[in-house]
Ligand code: FVH
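Numbering (my numbering), first residue to last: 161 to 451.
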């Protein structure tokens with residue numbers, strides 16, 4: 161049931177994520193227009209009250225705000241760059257995943273065509289869209305974000321990161337680095353413990369506690385990075401490097417993969433060789449900051 165006071169919104173792209181976005185708008189009472197290359201994917205949404213626009217132009221014209229969520233930026237450009245499509249007067253929010261250069265370029269491209277453009281990144285999976293757990297990041301003009309915040313809040317917890325259109329994509333990939341690092345570290349430990357008959361489910365709660373404990377260190381370590389000063393308040397890098405050597409040796413002795421421990425040991429060794437062995441772990445930012 162749509163709410164007459166709720167702002168109309170259009171969703172272009174009805175893959176797994178686009179359908180979840182449109183469903184959340186409908187659930188929050190927004191008059192919702194949808195369009196997808198494969199029209200049949202709109203069936204359930206139409207049954208729930210969405211309007212299926214016959215053309216992409218009709219979809220854009222139906223609402224002041226259009227959300228686009230396609231496979232990649234190339235698809236966005238291909239679709240919205242067609243000669244019969246006008247973006248004039250539209251506010252476009254592109255929640256398609258990509259990199260920061262693509263986001264900045266898409267902003268220039270859309271603005272040249274008369275659109276107001278925000279880029280975005282969805283840090284969530286489709287089933288949680290429409291709940292507070294769904295973190296959705298935006299970058300671009302703050303005024304455009306604020307103008308549409310009440311509508312966007314139907315999707316989850318929304319944040320404006322700054323005026324630089326590339327920021328949402330940068331946070332997205334930074335978040336991926338965090339996610340895969342934690343998962344890979346857990347898999348490393350799980351592989352080692354399984355050689356002693358400890359199953360993954362037994363190790364998981366301990367690993368979760370470790371990950372949460374380490375996460376607590378981040379604000380203090382961030383202060384060291386931002387100030388460029390790394391006094392060894394807890395441990396010196398050379399102490400950490402000795403522990404890393406144990407991890408490499410144990411992995412090799414157990415016959416499990418030692419690539420990951422060797423990678424971070426190599427980075428620590430380079431920093432020590434450069435004279436940073438007496439400083440604290442975040443001094444490794446120098447290693448991460450180079451190509
Ligand atoms: N699904 C997820 O969990 C992740 C969570 C984090 C963010 N991603 C990003 O969201 C974008 C869309 O992902 P998706 O899961 O919805 O992807 P698909 O189900 O594969 O749907 C793709 C849609 O894109 C349409 N499409 C592709 N190419 C074109 C084109 N050249 N012209 C028009 N539309 C195009 C496709 O249409 P169709 O195949 O149904 O006709 C789908 O609507 C993505 O950037 C994720 O990284 C989701």
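We put the CB at the ideal spot given by N, CA and C, even for glycine.
Coarse secondary structure for residue 281, derived from DSSP in three states: Within the chain shown, the letter at position 121 stands for residue 281. Here residue 281 sits in strand by DSSP.
Extent of the continuous alpha helix (DSSP H) run through residue 319: Reading the chain shown from its first residue, position 159 is the one you call residue 319. Careful: residue 319 lies outside any alpha helix (DSSP H), inside the beta strand (DSSP E) at 317-320.
Near residue 396, what residues of its chain come up, given a Cβ to Cβ distance below 8 Å and the 5 sequence neighbours on each side ignored? In the chain shown, residue 396 corresponds to position 236, counting from 1. Non-local C-beta neighbours of residue 396 in its own chain, meaning closer than 8 Å and more than five positions away in sequence, comprise 437, 438, 439 and 440, ordered along the chain.
Endpoints, alpha helix (DSSP H) assigned at residue 380: Here residue 380 is taken as the residue at index 220 of the chain shown, counted from 1. First-last of the alpha helix (DSSP H) with residue 380: 378-387.
Residues that residue 276 bridges to, as DSSP identifies them: For the purposes of this step, residue 276 is taken as the residue at position 116 of the chain shown. DSSP lists 251 as partners of residue 276.
Apply the 10 Å Cβ neighbour rule to residue 196 and answer buried if 16 or more other Cβ atoms are within range, or exposed otherwise. For the purposes of this step, residue 196 is identified with residue 36 of the chain shown, where counting begins at 1. By the 10 Å Cβ count, residue 196 comes out buried.
In chain order, what residues of the same chain have a beta carbon less than 6 Å from the beta carbon of residue 184, not counting five sequence neighbours either side? Sequence index remark: in the chain shown, residue 184 carries index 24 (1-based). For residue 184, where only same-chain residues beyond five positions count, the Cβ hits under 6 Å are 289, 290, 314 and 315.
Does DSSP put residue 256 in a helix, a strand or coil? On the chain shown, residue 256 is found 96 positions in, with the first residue counted as 1. In the three-state DSSP reduction, residue 256 falls in the coil class, being neither helix nor strand.
Please report how far the alpha carbon of residue 302 lies from the alpha carbon of residue 393, in whole angstroms. As a working mapping, residue 302 is identified with position 142 in the chain shown. As a working mapping, residue 393 is identified with position 233 in the chain shown. About 40 Å.
Considering only DSSP beta bridges, list what residue 298 is partnered with. Here residue 298 is taken as the residue at index 138 of the chain shown, counted from 1. Residue pairing by DSSP places residue 298 opposite 280 and 320 in a beta bridge.
Could you tell me the boundaries of the beta strand (DSSP E) in which residue 444 lies? Numbered from its first residue, the chain shown carries residue 444 at position 284. Careful: residue 444 lies outside any beta strand (DSSP E) and carries neither H nor E.
Is any non-hydrogen atom of the ligand FVH found closer than 7 Å to the C-beta of residue 256, if you look at the structure I gave you? In the chain shown, residue 256 corresponds to position 96, counting from 1. For residue 256, the CB falls within less than 7 Å of some heavy atom of the ligand FVH.
Return the CA-CA distance between residue 417 and residue 352, expressed in angstroms with no decimal places. Here residue 417 refers to the residue found at position 257 when the chain shown is read from its first residue. Here residue 352 refers to the residue found at position 192 when the chain shown is read from its first residue. So the alpha carbons of these two residues sit roughly 9 Å apart.
Identify, in the order they occur along the chain, each residue of the same chain with its Cβ nearer than 8 Å to the Cβ of residue 434, setting aside the five sequence neighbours on each side. Here residue 434 refers to the residue found at position 274 of the chain shown. Excluding residues within five positions, the ones whose Cβ falls inside 8 Å are 446.
Just verifying my parser: in three-state terms, what is the DSSP assignment at residue 374? To locate residue 374, count along the chain shown from 1; it is residue 214. Taken through DSSP and simplified to helix, strand or coil, residue 374 comes out as helix.
Proximal residues to residue 364 (C-beta, below 6 Å), its chain only, five neighbours per side dropped: Working through the chain shown from its first residue, we reach residue 364 at position 204. Result list for residue 364: empty, nothing under 6 Å.
Comparing alpha-carbon positions, which option in 214, 287, 299 and 166 lies nearest residue 189? In the chain shown, the residue the question calls residue 189 occupies position 29. From the listed residues 214, 287, 299 and 166, the smallest Cα separation to residue 189 is found for 166.
Taking 7 Å as the cut-off, is the C-beta of residue 461 nearer than that to any heavy atom in the ligand FVH? Since the displayed the chain opens at 161 and closes at 451, residue 461 lies outside it and no answer follows.
So is the beta-carbon of residue 282 under 7 Å away from any non-hydrogen atom of the ligand FVH? One-based indexing of the chain shown puts residue 282 at position 122. The nearest non-hydrogen atom of the ligand FVH is less than 7 Å from the C-beta of residue 282.
Could you spell out where the alpha helix (DSSP H) holding residue 350 opens and where it closes? Mapped onto the chain shown, residue 350 falls at position 190. Membership of residue 350 in the alpha helix (DSSP H) is indicated by the continuous run 327-354.
Between the alpha carbons of residue 295 and residue 334, how many angstroms are there, rounded? In the chain shown, residue 295 corresponds to position 135, counting from 1. In the chain shown, residue 334 corresponds to position 174, counting from 1. Their Cα atoms are separated by approximately 14 Å.
Would the beta-carbon of residue 327 be found less than 7 Å away from any heavy atom of the ligand FVH? Counted from its first residue, the chain shown places residue 327 at position 167. Incorrect: residue 327 has no Cβ contact closer than 7 Å to the ligand FVH.
Helix, strand or coil for residue 236, going by three-state DSSP, please let me know. Residue 236 sits at position 76 when you count from the first residue of the chain shown. Of the three classes helix, strand and coil, the one that applies to residue 236 here is helix, per DSSP.
Between which two residues does the beta strand (DSSP E) harbouring residue 176 extend? Taking the first residue of the chain shown as 1, we reach residue 176 at position 16. That residue, residue 176, is in no beta strand (DSSP E); its alpha helix (DSSP H) goes 176-187.
Residue 232 Cβ short of 7 Å to the ligand FVH heavy atom set: Within the chain shown, the letter at position 72 stands for residue 232. Flag set: Cβ of residue 232 near the ligand FVH.
Compute every distance between the C-beta of residue 192 and the non-hydrogen atoms of the ligand FVH, then say whether any falls below 7 Å. Indexing the chain shown from 1 puts residue 192 at position 32. It does not: the Cβ of residue 192 is nowhere closer than 7 Å to a heavy atom of the ligand FVH.
Residue burial classification, residue 254 (beta-carbon count within 10 angstroms, cutoff 16): Taking the chain shown and counting its residues from 1, one reaches residue 254 at position 94. So residue 254 counts as buried.
For the alpha helix (DSSP H) that contains residue 220, what are its first and last residues? For the purposes of this step, residue 220 is taken as residue 60 along the chain shown, with counting starting at 1. First-last of the alpha helix (DSSP H) with residue 220: 216-222.
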